[in-house]
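Take a look at the structure below.
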Amino acid sequence: RISIPPNHPRAKSLHTREALVDGYRRGLVVAEGLIAHGRGEAYDYLIGECTTKTAQRAIKAAAAMLLLSRHPVISVNGNAAALCPGAIVELAKATGAAIEINLFYRTEERERAIKAELETHGAENVLGVGSRASATIPELQSERRRVDPDGIYSADTVFVPLEDGDRTEALVKMGKKVITIDLNPLSRTAKAAHITIVDNIVRAMPALAEAAHQLNGSKSLKRIVDGFDNKKNLRESLKIIRGVI
Ligand code: ATP
Ligand code: MG
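Each position in the sequence shown, counted from 1, maps to that position plus 2 in our numbering.
What follows is the structure in structure tokens.
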């Protein structure tokens with residue numbers, strides 16, 4: 003293990019990598035997850051490694067949508083659990099959302115490791131583990147089609163940070179509201195979701211939990227959601243990447 007000097011110009015990014023590699027060693031993250039993170043890093047570089055104003059608007063709309071939902075569910079994969087377990091639990095508590103584990107590369111061992119990690123950070127009732135994932139998302143072939151009947155299957159809103167495009171599209175087809183965090187504004191997930199937060203999950207998840215605390219009880223939740231235009235928001239993110247704004 004190397005120690006990262008605090009004044010290293012890429013210290014934050016290196017710490018995030020360390021957290022992911024550590025998650026890999028502890029059996030939370032798969033090798034493919036490390037590659038997916040690399041794609042995210044490239045886009046993070048292009049947006050300036052900060053939470054843009056555009057992302058802030060999406061975060062506010064996402065917090066409002068979660069607070070308005072009857073049965074919101076946060077879908078957690080290995081990378082999310084390794085990078086921001088505390089913020090996931092905080093968001094769940096702030097919005098009354100359930101937490102469900104849903105893995106593309108599913109093994110019960112990894113499900114249990116992720117569940118334990120979330121519980122260490124205060125999660126209480128983690129859904130989707132083992133035989134609990136007994137319902138099926140129509141049209142999906144991957145292991146991610148198996149979901150919890152008390153969770154994603156019956157949810158009105160599903161928050162799917164770092165999601166694969168196929169499943170986002172399938173959830174939208176099922177009539178669910180879908181929120182995502184995805185650094186790539188061009189991905190199928192980013193385009194199919196109702197609210198896309200183009201930001202690094204390590205920054206966006208705590209910001210979202212904070213926004214949910216602040217907006218709790220607000221009378222303008224519906225106005226915030228109705229005033230949000232995801233296509234316009236994605237166009238703005240692309241402009242930031244191209245250096246136009
Ligand atoms: P899609 O299936 O939606 O077309 P993809 O196949 O390119 O996208 P996936 O591996 O399915 O990519 O999904 C991972 C997504 O998560 C990528 O778009 C990647 O940019 C994004 N991503 C990876 N790491 C992070 C991170 N730390 N924060 C935010 N987004 C990230
Ligand atoms: Mg994909």
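C-beta atoms are modelled at their ideal positions from N, C-alpha and C, and glycine is treated no differently.
| Query | Result |
| --- | --- |
| With 16 other Cβ atoms within 10 Å as the buried cut-off, status of Ile247 | exposed |
| Cβ-based burial, Ser5 [other Cβ within 10 Å; buried from 16] | exposed |
| Entirely enclosed beta strand (DSSP E) segments - the region 76-147, minimum 3 residues | 100-103 |
| Inter-stretch contact at 8 Å, needing at least 3 Cβ pairs: the region 69-80 / the region 154-170 | yes |
| Reference Val23; option with closest CA among Lys179, Pro11, Ala63 and Leu36 | Leu36 |
| Neighbourhood of Asp150 by C-beta, 8 Å cutoff - its chain only, sequence neighbours within 5 removed | Glu102, Leu129, Gly130, Arg134, Ala135, Ser136 and Ala137 |
| Nearest residue (CA-CA) to Asp228, options Asn218, Arg28, Ser15 and Ala60 | Ala60 |
| Given Asp158 as reference, the closest of Ala94, Met67 and Leu120 once Cα atoms are compared | Met67 |
| 7 Å Cβ shell around Leu85 - same chain, five flanking residues per side excluded | Thr18, Ala21, Leu22, Ile203 and Val204 |
| Beta-carbon spacing of Val180, Ser239 below 8 Å | no |
| Classification of Gly25 by the beta-carbon crowding that lies within 10 angstroms, buried from 16 upward | buried |
| Span separating the alpha-carbon of Glu165 from that of Pro8 | 31 Å |
| Run of the alpha helix (DSSP H) containing Ile37, from where it starts to where it stops | Ala33 to Ile49 |
| Cβ-heavy atom distance, Gly167 to the ligand MG, below 7 Å | yes |
| Three-way DSSP call (helix, strand, coil) for Lys179 in this model | strand |
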